[in-house]
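S.K.:
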Amino acid sequence: MTRIQKITDFGASLLFLAAAVVYFSVWYGFHTINLEQLQLFEGTWAYFAETVAIPGGFADYLGRFLTQFCYYAWSGALIIAVLLVLIRILVWKLCTRKDTLIGAMTFVPTILLAMVMCYRFPTLSLLTAFALTLTAALAVNCIADTKPRRIVALALIPVLYLLLGSLVILFAAVTAVKERNKVFAITTLVLAVACPLVAYPLLPYPLGRLLYGLHYYKVHIHMPVWPWVAALAAVAVVAFAEARIPSRQLRVWPAAYAAIFLLAVPAILLCSSRIDEQSLKYNILTGKRAWNRIVTEATRRAPRTYGETASLNLALCKTGHMGGHMFDYLQDGPETLLPNENTPYQEGLSTAEIFYQLGMVNNARRNCFEALNAIPDYQKSAPVFKLLAETSIVNEKYELARKYLTALSHTLFYKKWANERLAKYEDLMELMIMEEYAMKHLERYKGEDYIFDYNASDVSLRQLLAEYPGNITALNYLLAWSLLNKDIGAFMSDCPFEGFTEVVPKAYQEAFLINWDLFGGSPEDLPQFINPRIVSRKEAFTRDFETNVPMNKMMERYGDTYWFYYYFK
Amino acid sequence: MLSVLLLSISCREQVVNPAPYGLPPDIFPDYNGVTVPATIAPMNFSMDGARLLDVTLIGDDGSTMHVRGPVAKFPARAWKKMLQANKGASIKFETYGLKDTTWYDYAPFRIYVSEDSIDYGIAYRLIAPSYEGMGKIGIYERDLSSYKEKELIGVDEVNGCINCHAFNQCDPSNLSLHVRGEYGATLIRKNAQIKAYATKTDSTVSPCVYPYWHPSGNYIAYSTNNTKQGFYQRMENILEVFDNESDIVVYDIRNNELISSPLIKGPQSWETFPAFSPDGRTLYFCTATPKPIPEGLAEIRYNLCSIAFDPETGRFGDKVDTLVLAEPKGQSISFPRPSFDGRFLMYTVSDFGNFSIWHNESNLKLLNLETMETNEMTGVNSDFDADSYHNWSSNSRWFVFGTRRDDQTHTRPYICHIDEKGMPGRPFLLPQENPRQYYDIMLRSYNIPEFVSRPVDLNHHKAWKLLKRGKKEQVKYKQLTVDE
Numbered sequence: 000m001t002r003i004q005k006i007t008d009f010g011a012s013l014l015f016l017a018a019a020v021v022y023f024s025v026w027y028g029f030h031t032i033n034l035e036q037l038q039l040f041e042g043t044w045a046y047f048a049e050t051v052a053i054p055g056g057f058a059d060y061l062g063r064f065l066t067q068f069c070y071y072a073w074s075g076a077l078i079i080a081v082l083l084v085l086i087r088i089l090v091w092k093l094c095t096r097k098d099t100l101i102g103a104m105t106f107v108p109t110i111l112l113a114m115v116m117c118y119r120f121p122t123l124s125l126l127t128a129f130a131l132t133l134t135a136a137l138a139v140n141c142i143a144d145t146k147p148r149r150i151v152a153l154a155l156i157p158v159l160y161l162l163l164g165s166l167v168i169l170f171a172a173v174t175a176v177k178e179r180n181k182v183f184a185i186t187t188l189v190l191a192v193a194c195p196l197v198a199y200p201l202l203p204y205p206l207g208r209l210l211y212g213l214h215y216y217k218v219h220i221h222m223p224v225w226p227w228v229a230a231l232a233a234v235a236v237v238a239f240a241e242a243r244i245p246s247r248q249l250r251v252w253p254a255a256y257a258a259i260f261l262l263a264v265p266a267i268l269l270c271s272s273r274i275d276e277q278s279l280k281y282n283i284l285t286g287k288r289a290w291n292r293i294v295t296e297a298t299r300r301a302p303r304t305y306g307e308t309a310s311l312n313l314a315l316c317k318t319g320h321m322g323g324h325m326f327d328y329l330q331d332g333p334e335t336l337l338p339n340e341n342t343p344y345q346e347g348l349s350t351a352e353i354f355y356q357l358g359m360v361n362n363a364r365r366n367c368f369e370a371l372n373a374i375p376d377y378q379k380s381a382p383v384f385k386l387l388a389e390t391s392i393v394n395e396k397y398e399l400a401r402k403y404l405t406a407l408s409h410t411l412f413y414k415k416w417a418n419e420r421l422a423k424y425e426d427l428m429e430l431m432i433m434e435e436y437a438m439k440h441l442e443r444y445k446g447e448d449y450i451f452d453y454n455a456s457d458v459s460l461r462q463l464l465a466e467y468p469g470n471i472t473a474l475n476y477l478l479a480w481s482l483l484n485k486d487i488g489a490f491m492s493d494c495p496f497e498g499f500t501e502v503v504p505k506a507y508q509e510a511f512l513i514n515w516d517l518f519g520g521s522p523e524d525l526p527q528f529i530n531p532r533i534v535s536r537k538e539a540f541t542r543d544f545e546t547n548v549p550m551n552k553m554m555e556r557y558g559d560t561y562w563f564y565y566y567f568k
Numbered sequence: 000m001l002s003v004l005l006l007s008i009s010c011r012e013q014v015v016n017p018a019p020y021g022l023p024p025d026i027f028p029d030y031n032g033v034t035v036p037a038t039i040a041p042m043n044f045s046m047d048g049a050r051l052l053d054v055t056l057i058g059d060d061g062s063t064m065h066v067r068g069p070v071a072k073f074p075a076r077a078w079k080k081m082l083q084a085n086k087g088a089s090i091k092f093e094t095y096g097l098k099d100t101t102w103y104d105y106a107p108f109r110i111y112v113s114e115d116s117i118d119y120g121i122a123y124r125l126i127a128p129s130y131e132g133m134g135k136i137g138i139y140e141r142d143l144s145s146y147k148e149k150e151l152i153g154v155d156e157v158n159g160c161i162n163c164h165a166f167n168q169c170d171p172s173n174l175s176l177h178v179r180g181e182y183g184a185t186l187i188r189k190n191a192q193i194k195a196y197a198t199k200t201d202s203t204v205s206p207c208v209y210p211y212w213h214p215s216g217n218y219i220a221y222s223t224n225n226t227k228q229g230f231y232q233r234m235e236n237i238l239e240v241f242d243n244e245s246d247i248v249v250y251d252i253r254n255n256e257l258i259s260s261p262l263i264k265g266p267q268s269w270e271t272f273p274a275f276s277p278d279g280r281t282l283y284f285c286t287a288t289p290k291p292i293p294e295g296l297a298e299i300r301y302n303l304c305s306i307a308f309d310p311e312t313g314r315f316g317d318k319v320d321t322l323v324l325a326e327p328k329g330q331s332i333s334f335p336r337p338s339f340d341g342r343f344l345m346y347t348v349s350d351f352g353n354f355s356i357w358h359n360e361s362n363l364k365l366l367n368l369e370t371m372e373t374n375e376m377t378g379v380n381s382d383f384d385a386d387s388y389h390n391w392s393s394n395s396r397w398f399v400f401g402t403r404r405d406d407q408t409h410t411r412p413y414i415c416h417i418d419e420k421g422m423p424g425r426p427f428l429l430p431q432e433n434p435r436q437y438y439d440i441m442l443r444s445y446n447i448p449e450f451v452s453r454p455v456d457l458n459h460h461k462a463w464k465l466l467k468r469g470k471k472e473q474v475k476y477k478q479l480t481v482d483e
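Same order as they appear, the protein sequences are chains U and W.
Here numbering that gives the first Met the number 0 is used: the first residue of the first sequence is 0, the next is one more, and so on.
Here numbering that gives the first Met the number 0 is used: the first residue of the second sequence is 0, the next is one more, and so on.
Structural data, given as structure tokens:
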């Protein structure tokens with residue numbers, strides 16, 4: 000390669016690195032954070048021993064270790080990008096012939112792996128296993144003498160299978176290609192394939208999973224084919240570079256890289272899901288109690304599903320804007336307030352948070368457990384453990400809380416939070432007064448126990464208020480529940496119009512006016528807390544409504560009002 | 000320098016001027032005063048707040064053992080030897096604990112080593128305390144003489160809910176196991192042959208549910224339940240599982256046929272939790288008067304009843320006997336389990352319903368079948384922590400039961416000795432190498448712990464293939480009349 004080609008090749012790697020960092024931190028940041036949300040990496044010997052106990056466990060442990068850093072989208076993205084580029088470099092290093100075409104082709108396995116990382120449940124363990132397999136192949140290739148090199152390669156296969164999993168087949172294939180010996184090639188490949196076959200009777204996993212790799216993807220059914228296409232591509236590139244084709248310097252060398260990158264963009268976008276990204280965004284931000292951020296995000300891009308709108312409504316409630324701005328956003332029945340049983344378990348954390356904030360601590364716990372059980376590879380989840388610890392503290396189940404806190408104290412990013420609480424165990428009163436626990440303790444159910452009925456959520460909310468009238472969240476939710484169910488009568492009887500220290504929220508005034516109309520009240524007799532501008536707007540709405548103004552026009556003019564919801568949804 | 004440093008550290012860790020504490024140590028697990036079998040795995044323990052424990056064991060035979068560490072870990076061989084040498088006697092534990100910089104001298108405590116043997120191990124289901132999603136479920140087996148645990152069958156392979164495993168009087172060669180979901184079936188193994196069955200018929204309300212083997216191995220009693228679940232608003236009981244209808248049927252393995260009698264099947268009453276007497280001539284069960292659900296849920300109470308069963312003809316008796324009338328006392332009975340020597344029957348009592356494993360008020364009771372007197376088991380039950388599912392060892396000298404007494408959420412298996420007069424000893428938590436660490440990490444519940452007399456030989460791959468192939472034998476149903 001010429002110097003300029005080397006610079007171009009280096010530049011391509013750098014460009015890919017930068018693009019991957021930007022993509023996985025900005026465009027796809029919540030997918031990156033979600034990797035960390037679906038695990039609880041404990042820096043303990045027991046966790047290490049448990050993780051490495053099955054084939055591929057070491058690569059998985061390393062992958063989980065790195066996944067911790069996905070706590071921040073930027074650091075997670077950087078790790079993903081570095082691993083992807085590292086894999087590209089390793090493939091490149093394994094190539095005997097080095098020209099621009101080969102250089103461009105070495106990006107193919109990396110791009111295929113990047114596609115996997117755009118799915119909903121990828122693991123960094125795939126990337127660590129891939130990188131370590133190629134490193135092992137490179138290391139073996141460095142042994143100069145043929146015989147020792149081949150002996151080491153054969154001896155390494157079972158070891159690598161135990162450490163890295165079934166990607167040992169990639170190691171075997173690459174080594175076989177490099178050795179150019181049929182007997183050796185057949186021996187290594189047979190040995191590599193034999194490893195999962197030998198493990199099969201000893202382990203409680205289906206053969207298909209053992210062959211695919213136990214940790215290369217979190218979901219165990221419908222696993223993407225791309226990891227193995229990437230492995231095949233890596234072997235193909237090395238084989239192509241190994242072939243004794245006369246080296247032909249392509250004059251269009253930048254075009255090779257450009258073509259690969261141009262193909263990569265649609266391929267990666269095809270595997271990405273902006274819908275999932277938005278759903279994860281709301282779930283994660285709700286778990287982090289980033290109320291203002293949720294409202295800001297909703298202003299940029301409106302929530303789309305029941306779960307997302309429920310998160311937004313909670314954020315509006317916590318920022319004191321529920322009654323004022325709830326109908327600025329599209330509402331669609333009570334499910335946009337309180338997620339029902341049909342809510343996907345993946346949104347369990349945000350659902351749990353809603354119930355926790357209301358004081359329905361048991362419902363919060365239930366949804367936490369469902370969220371844990373929705374993790375496809377049965378790992379724990381640090382944010383869910385956090386909430387479980389909090390619900391346990393609020394319920395005075397300190398021994399249970401201690402278990403969750405102890406697990407969190409072994410993590411990198413939750414250690415401080417957990418240790419602060421564990422330090423209070425000498426004086427449980429001090430623990431209880433941390434954050435809002437004492438308030439939540441007061442707000443939670445204390446009366447008669449009964450089975451939760453989603454359709455009678457208003458009864459539960461009313462009971463919460465009866466037990467602790469200071470539960471503002473429950474009051475807001477009770478009023479919103481009535482509004483979303485178009486139960487104006489219930490709303491009127493529950494709404495403390497005279498109790499608002501500032502102005503009565505807009506949606507409540509609008510609902511009041513509907514009730515006023517229903518009972519034929521005179522505009523002159525309207526109470527003072529009704530804003531005259533809202534009255535004028537209601538009159539305009541009524542005029543337009545009675546003259547059958549098309550719905551899209553009505554939405555344009557009154558889409559932010561409760562009247563529009565009441566009459567058109 | 001390094002050796003001097005190490006020496007100084009080790010010197011500092013010697014028990015120096017211990018302050019008398021006056022009380023036994025507050026160890027986890029609490030092994031103070033428990034009765035154990037001579038083959039039990041080393042009963043390691045730790046003490047919260049203690050950096051270091053210095054423990055000396057003194058057997059009644061004069062043998063001693065000394066360990067020191069953050070966790071009191073006893074070497075397996077020496078432990079086994081000591082227990083064998085002290086069968087029928089006791090071992091004293093002298094414990095010093097280092098808290099901060101002060102050593103404390105705790106009052107000694109004892110464990111009692113029974114002469115009664117115990118089975119090879121226990122088998123149980125591990126399940127997360129979730130309500131709808133399944134998570135990682137599996138049936139596991141644990142060797143009681145070591146810490147070895149083995150997964151027998153799990154969701155990694157069998158994609159569905161795995162539940163209600165049952166052996167015939169601790170003999171794992173006879174096995175019944177349900178798998179729900181896409182490949183759902185009831186797996187029944189009699190001796191070496193395992194088959195998958197479809198147990199829902201037009202005449203039964205559901206597939207077979209709670210199993211109990213007939214001692215002959217020719218029948219399995221099942222309940223069939225139309226089950227629902229709901230979630231409480233408060234913490235105390237978390238969730239409720241209840242039936243809208245339930246019956247009892249007996250599966251005749253030889254004829255591939257479910258049989259029942261109008262006395263134990265029909266809408267007039269709800270029957271559940273069948274259990275055969277050890278002679279196979281009596282079928283115990285729980286029965287309740289139906290109430291509208293959910294409003295009448297808290298008034299559904301099950302009594303303990305029995306009906307005669309003739310294993311030669313497969314016929315039921317013509318009347319139902321009530322053994323314990325719990326309903327008037329505001330109690331409800333579940334999980335009747337007769338001891339295999341036929342002398343006792345243990346059951347769970349809760350305030351209402353039948354899913355006592357989620358009822359904090361659940362307690363165990365022991366009915367003497369000879370005198371019909373009831374032992375309240377006060378030394379066994381916890382105050383308010385769901386002491387519930389239980390079963391007997393093959394020699395009826397031990398029982399294992401599930402309880403949430405450790406953290407009110409996760410069920411743990413406790414093993415308890417019971418003497419020839421029916422007097423229970425103090426139960427102990429299943430030992431682990433590092434119990435605190437193990438039970439802190441283990442956030443799944445031990446469900447349906449059952450003794451097994453030897454390792455369970457279950458080929459999970461074969462079982463999975465059997466389910467996946469979908470070749471399930473459809474069981475027939477035959478309704479007997481009362482006269483039959």
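Beta carbons: idealized from backbone N, C-alpha and C, even for Gly.
Note that this is a predicted model, so its numbers are computed, not measured.
(1) Run through chain W and tell me which residues come within less than 8 Å of Ser-459(U), C-beta to C-beta.
(2) Name, please, each residue of chain U whose Cβ falls closer than 7 Å to the Cβ of Gly-459(W).
(3) Shortest alpha-carbon distance to Asp-142(W) belongs to which of Asp-155(W), Val-35(W), Glu-131(W) and Ala-122(W)?
(4) Is it true that the CB of Val-234(U) sits closer than 7 Å to the CB of Ala-152(U)?
(5) Can you tell which of Gly-137(W), Glu-131(W), Phe-339(W) and Asp-201(W) has the C-alpha that lies nearest to the C-alpha of Ile-447(W)?
(6) Does any heavy atom of the ligand NAP sit closer than 6 Å to the C-beta of Ala-417(U)?
(7) How should Cys-141(U) be labelled, buried or exposed, when 16 other C-beta atoms within 10 angstroms of its C-beta is the threshold for buried?
(8) Along the stretch 351 to 372 of chain U, what residues have a CB closer than 8 Å to any CB found in chain W?
(9) Cβ atoms of Glu-432(W) and Tyr-146(W): under 7 Å apart, would you say?
(10) Closest Cβ-Cβ distance between Leu-465(W) and chain U: below 7 Å?
(11) Could you pull out every unbroken alpha helix (DSSP H) segment of at least 4 residues lying fully inside the stretch 326 to 409 of chain U, listed in chain order?
(12) Given a cut-off of 7 Å on the beta-carbon distance, is the pair Ser-202(W) and Tyr-476(W) in contact?
(13) For Gly-378(W), does the count of other Cβ atoms within 10 angstroms reach 16, so buried, or fall short, so exposed?
(14) Helix, strand or coil, according to DSSP, for Lys-477(W) in the structure here?
(15) Looking only at its own chain, which residues have a Cβ that is under 7 Å from the Cβ of Val-184(W), when we skip the five neighbours before and after it?
(16) At least one CB of chain U closer than 7 Å to the CB of Gly-61(W): is that the case?
(17) Quick one: residues in its chain with C-beta nearer than 6 Å to the C-beta of Arg-188(W), no 5 flanking neighbours on either side, listed in chain order?
(18) Would you say Gly-469(W) faces chain U, with C-beta separation under 7 Å as the test?
(19) Let me check one thing: in DSSP terms, what residues is Glu-449(W) bridge-paired to?
(20) Output needed for Gly-322(U): all residues of its chain with C-beta closer than 6 Å, excluding positions within five of it in sequence on either side, in chain order.
(21) Given this structure, state the Cα-to-Cα distance separating Tyr-328(U) from Ala-301(U), to the nearest angstrom.
(22) Kindly list the residues whose CB is nearer than 7 Å to the CB of Ala-175(U), restricted to its own chain and excluding five residues on each side of it in sequence; keep chain order.
(23) Output, in chain order, the set of chain U residues within a Cβ distance shorter than 8 Å of Lys-98(W).
(24) If you compare alpha carbons, which of Ala-220(W), Asp-242(W) and Pro-327(W) is closest to Thr-281(W)?
(25) Determine, using beta carbons only, whether Gln-431(W) comes closer than 7 Å to chain U.
(26) Measuring only the C-alpha atoms, how far is Thr-312(W) from Lys-264(W)?
M.R.: The short version:
(1) Within chain W, the residues near Ser-459(U) are Gln-232.
(2) The residue you asked about is not Gly; residue 459(W) is His in the sequence shown. Below the 7 Å Cβ cutoff, chain U contributes Pro-203 as neighbours of His-459(W), in chain order.
(3) From the listed residues Asp-155(W), Val-35(W), Glu-131(W) and Ala-122(W), the smallest Cα separation to Asp-142(W) is found for Ala-122(W).
(4) Here Ala-152(U) is not near Val-234(U), since their CB atoms are 7 Å or more apart.
(5) Nearest C-alpha to Ile-447(W): Gly-137(W).
(6) Among the components modelled here there is no ligand, and therefore nothing to report on the ligand NAP.
(7) Classification for Cys-141(U): exposed.
(8) Residues of the stretch 351 to 372 of chain U with a C-beta atom less than 8 Å from some C-beta of chain W are Met-359, Val-360, Asn-361, Asn-362, Arg-364, Arg-365, Phe-368, Glu-369, Leu-371 and Asn-372, listed in chain order.
(9) With respect to the 7 Å criterion, Tyr-146(W) and Glu-432(W) are classified as neighbours on the basis of their beta carbons.
(10) No Cβ of chain U is located within less than 7 Å of the beta carbon of Leu-465(W).
(11) Counting whole runs of 4 or more residues, the stretch 326 to 409 of chain U contains the alpha helix (DSSP H) stretches 347 to 357, 360 to 372, 381 to 393 and 397 to 408.
(12) Cβ distance < 7 Å, so Ser-202(W) and Tyr-476(W) count as in contact.
(13) Gly-378(W) should be labelled exposed.
(14) The answer is strand: DSSP assigns Lys-477(W) an E or B state.
(15) The amino acid at residue 184(W) is misidentified as Val; the sequence shows Ala. Excluding positions up to five away in sequence, the list reads Val-178, Ala-195, Tyr-196, Ala-197, Leu-466 and Lys-471.
(16) Among the CB atoms of chain U, none fall inside 7 Å of the CB of Gly-61(W).
(17) The answer, listed in chain order, is Leu-174.
(18) Answer no: the Cβ-Cβ gap between Gly-469(W) and chain U never drops below 7 Å.
(19) The partner list for Glu-449(W) (beta bridge, DSSP) reads Ala-122(W).
(20) By the criterion of a C-beta distance shorter than 6 Å, Gly-322(U) is surrounded in its chain by Pro-504, Ala-506 and Tyr-507, once the five residues flanking it on both sides are discounted.
(21) One Cα belongs to Tyr-328(U), the other to Ala-301(U), and the distance between them is close to 7 Å.
(22) Annotation for Ala-175(U): Phe-183, Ala-184, Thr-187 and Leu-188 place their beta carbon closer than 7 Å to its own, counting only its chain and skipping 5 residues before and after.
(23) By Cβ distance, chain U contributes nothing, its closest Cβ being about 12 Å from Lys-98(W), past 8 Å.
(24) Per the Cα distances, Ala-220(W).
(25) It does not: the Cβ of Gln-431(W) has no partner Cβ on chain U nearer than 7 Å.
(26) Distance between the alpha carbons of Thr-312(W) and Lys-264(W) is about 19 Å.
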